[in-house]
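Notes for the one structure printed next.
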Amino acid sequence: MQQVLCFGDSNTWGYNPENGERFPWGIRWTSILQQKLANKDIRIIEEGLCGRTTVFEDPLRQGRKGVSLFPTLLETHKPENIVIMLGTNDCKTVFSASPDVIGKGIRRLLIQAKQYSADSRILLVSPIHLGEQVWKDEFDPEFSPESVEVSRKLTDVYRKIADEFGVEFLAASSVADSSEADQEQMNPEGHAALAGAIEEKIYQMAC
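The opening position of the sequence shown corresponds to residue 124 in my numbering, with each subsequent residue numbered one higher.
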């Protein structure tokens with residue numbers, strides 16, 4: 124059986140923008156992906172965490188720095204396939220990170236993947252775009268209008284990095300949007316669409 128390690132943030136964890144709870148099995152994209160690939164002898168490992176960044180230590184939330192945990196997960200699971208979708212939280216104003224700086228964080232994760240799980244096939248996914256109103260008080264004031272612009276520029280940055288490292292690439296923003304409810308998370312339709320797009324990539328990688 125092949126394993127697929129899905130390493131991401133709240134949109135991998137399955138955060139429900141309507142109530143702040145977790146979408147149940149069958150709704151979040153990782154679980155849909157598992158159902159789609161079950162007959163292919165492929166196991167999905169869900170490793171999403173709300174607030175996770177690539178390389179930044181969040182002063183308000185412990186344990187969100189992706190590069191600190193990623194090697195442990197790689198050594199624990201020894202996955203044949205890896206999906207990385209991070210970067211949204213890196214856009215928060217507290218980090219003041221440009222798209223290129225966030226890209227450097229992604230490079231560090233890819234270097235770790237090559238070091239700790241050298242034979243794994245990798246899919247790099249650039250995250251969905253933040254909504255235009257995400258920074259307002261009723262949504263998430265940890266972001267700013269500049270954060271929205273940074274999030275939109277990540278697609279091109281990640282695509283270039285994927286080419287540089289010779290890994291597969293998918294732009295989540297090409298199939299899903301942030302919800303109207305919180306301007307940050309995917310709704311069920313977005314999860315379903317992303318699962319379908321990643322299924323095609325994983326099937327090509329694993330088979």
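Heads up, the beta-carbon is just placed ideally off N, CA and C, and yes, glycines get one too.
Task: Gly228: first and last residue of the uninterrupted alpha helix (DSSP H) it sits in - done: 222–239
**Asked** Since Trp136 contacts Leu172 with CB under 8 Å, what's their CB separation in whole angstroms?
**Response** 6 Å
What's the call for Leu277, buried or exposed, on a 16-neighbour Cβ count within 10 Å? buried
Check: Can you tell me whether Ser133 is buried or exposed, with buried defined as 16 or more other CB within 10 angstroms of its CB?
Finding: buried
Practice item. Report yes if the C-beta distance between Thr213 and Asp263 is below 8 Å; otherwise report no. Key: The residue you asked about is not Thr; residue 213 is Asp in the sequence shown. Cβ atoms of Asp213 and Asp263: not closer than 8 Å.
Problem set entry | Chain-order list of residues whose beta-carbon lies under 7 Å from that of Phe193 (same chain, five-residue window excluded) | Phe130, Leu232, Gln235
Point to revise | Alpha carbon of Val217 to alpha carbon of Gly210, nearest angstrom | key: 14 Å
message = Cutting at 7 Å between CB atoms, please list the residues of its own chain near Ser243, excluding the five before and the five after it.
response = Pro202, Glu203, Asn204, Ile205, Ala236
Terminal residues of the alpha helix (DSSP H) in which Val190 lies | 189–200
Indicate the three-state DSSP secondary structure (helix, strand or coil) for Arg275 in the structure shown.
-> helix
Does the Cβ of Trp148 have 16 or more other Cβ atoms within 10 Å, making it buried, or fewer, making it exposed?
-> exposed
- C-beta atoms of Val257 and Pro222 nearer than 8 Å: no
Using only the alpha-carbon positions, how far apart do Asp164 and Arg151 sit? 20 Å
Check: Name the DSSP beta bridge partners of Arg244, please?
Finding: Asn204
* Whose C-beta lies closer than 8 Å to the C-beta of Ile325 among residues of the same chain, with five residues either side of it excluded? -> Val127, Leu156, Leu160, Ile165, Asn204, Val206, Leu246
Check your understanding: Where Arg275 and Gly226 are concerned, what is the direct C-alpha to C-alpha distance, given to the nearest angstrom?
Key -> 13 Å
Which one of Gly143, Tyr239, Ala318, Val280 has the shortest CA to CA distance from Leu80?
Given that the chain is displayed from residue 124 to residue 330, the structure contains no residue 80 and the question cannot be resolved.
- In terms of alpha-carbon separation, which member of Ser270, Val271, Ala295 lies closest to Arg282? Ala295
Legend entry - Sequence-distant residues of its chain with Cβ nearer than 8 Å to Glu269 (five each side left out): Thr216
Name the residue from Ser267, His314, Phe179, Glu265 whose alpha carbon lies nearest to the alpha carbon of Ser297. His314
*With 16 as the cutoff for other CB atoms within 10 Å, does Ser301 come out buried or exposed?*
buried
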